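Take the sequence shown: its position 203, counted from the start at 1, is 202 in numbering that gives the first Met the number 0, and no numbers get skipped.
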Amino acid sequence: MSFSPAKKGFPVRLLIVTLILLAIWNIDHLGRIFYPFPYRETVMNYAAGNGLDPFLVAAIIKTESNFNPRATSRRGARGLMQVMPETGTWAAEKMGLTHYHPDLLYDPEYNIRLGTWYLADLYRTFNRDTILVLAAYNGGRGNVQKWLEQQHWTGEKSKLDQIPFPETRQFIRKVLWNYRVYSYLYGETTAKSMGDAPPDRTGIFNTGTTGAFPLKDAGETRGIIMKKNGCSRAFSLHVRGENG
0 MSFSPAKKGF PVRLLIVTLI LLAIWNIDHL GRIFYPFPYR ETVMNYAAGN GLDPFLVAAI
60 IKTESNFNPR ATSRRGARGL MQVMPETGTW AAEKMGLTHY HPDLLYDPEY NIRLGTWYLA
120 DLYRTFNRDT ILVLAAYNGG RGNVQKWLEQ QHWTGEKSKL DQIPFPETRQ FIRKVLWNYR
180 VYSYLYGETT AKSMGDAPPD RTGIFNTGTT GAFPLKDAGE TRGIIMKKNG CSRAFSLHVR
240 GENG
C-alpha cells in the first residue's frame, strides 16, 4: 500500500499542533521552569518588611544574577541582588548590623536582607518613582541625580534612550519585563499559600491598594490586561508623565 505525500505529512502536522496546544495549556508550568522563584519565602518576608513589591524584588534578582547566590560581576557586585561590597558596608552600618563582611553577600538571606533595604532606601530618595529607582539601582544614585539635574534624562520611561549608560537602559527594560512575568506566574499561587489577597503590586501595577512603594500619582497610566485560567486580570502601569 502506498501513501500520498499529503497523507505522510498529516501525522507530523498533527504532532506539531498537539505540541503547540499542550504548550499553551501548560503555559504556567513551562513559565515556572524558565522563571523559577527560589528563596520565595525569604523574598516575601524582606519585601514585606521594607514595603516592597515582592515580584519586583524577584524581577531584579532574575535580571541581576538569575538566582545564582554565588554570582559575581566584573565590577565586584556579589550575590543574588548583586550588591557591591562598599554598598553592603554602608547599608549594614545604616541598618545597625555588626560583623559585616563582603563574603556575607553570598549568603542568600543576608543578600536579600541588605538588597531590599537598599532598594527601599532608593524609593525614599526618588519619591517612590520605580523607574528612577531601577535606574539608580543599576547606574548609581548619584549618577541618576546628576542626569536629572543636568537634564540628560527626563526620568520618563518613554525616554529611556536618553540614559547615558546602555547597561542601565537594558536593566530597566529587563526588570520591567521580568516583573510582568513573575506577577503573572506567581501572584495567585503566592496569595493562596499566604491565605490572603494577592500581594500589593503598586510598585508598578496599581490595583487600587496601598502599602508597597507606588509610583508618583501624577504619572501616565497604561492599562494592561493579562489572561490566566480563563479569567482576565487588569492592571494599570504607572510611569512618569511629561510633567511627573
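In this text, a Cβ means the ideal position worked out from N, Cα and C, and glycines have one as well.
This structure is a prediction, so every number in the text was calculated from the model and none was measured.
- Per the coordinates, the alpha-carbon of Leu79 lies some 27 Å from the alpha-carbon of Gly154.
- Look at Arg112 here: in three-state DSSP terms it is helix.
- Contact between the region 20 to 33 and the region 83 to 94 is absent: fewer than three C-beta pairs spanning the two stretches fall below 8 Å.
- Sequence-distant Cβ neighbours of Met83 in its own chain, meaning closer than 6 Å and more than five residues away, are Ala76.
- At a Cβ-Cβ threshold of 9 Å, Pro163 and Trp146 count as neighbours.
- Here Arg12 carries a helix assignment [DSSP, helix/strand/coil].
- DSSP places Arg172 in the helix class (H, G or I) of the three-state scheme.
- Rounded to the nearest whole angstrom, the C-alpha separation of Tyr105 and Arg69 is 6 Å.
- Residue range 53 to 64 is occupied by the alpha helix (DSSP H) that includes Ser64.
- No Cβ-Cβ contact shorter than 9 Å links Ile59 with Leu103.
- Annotation: Gln150 is outside any alpha helix (DSSP H) and is labelled neither H nor E by DSSP.
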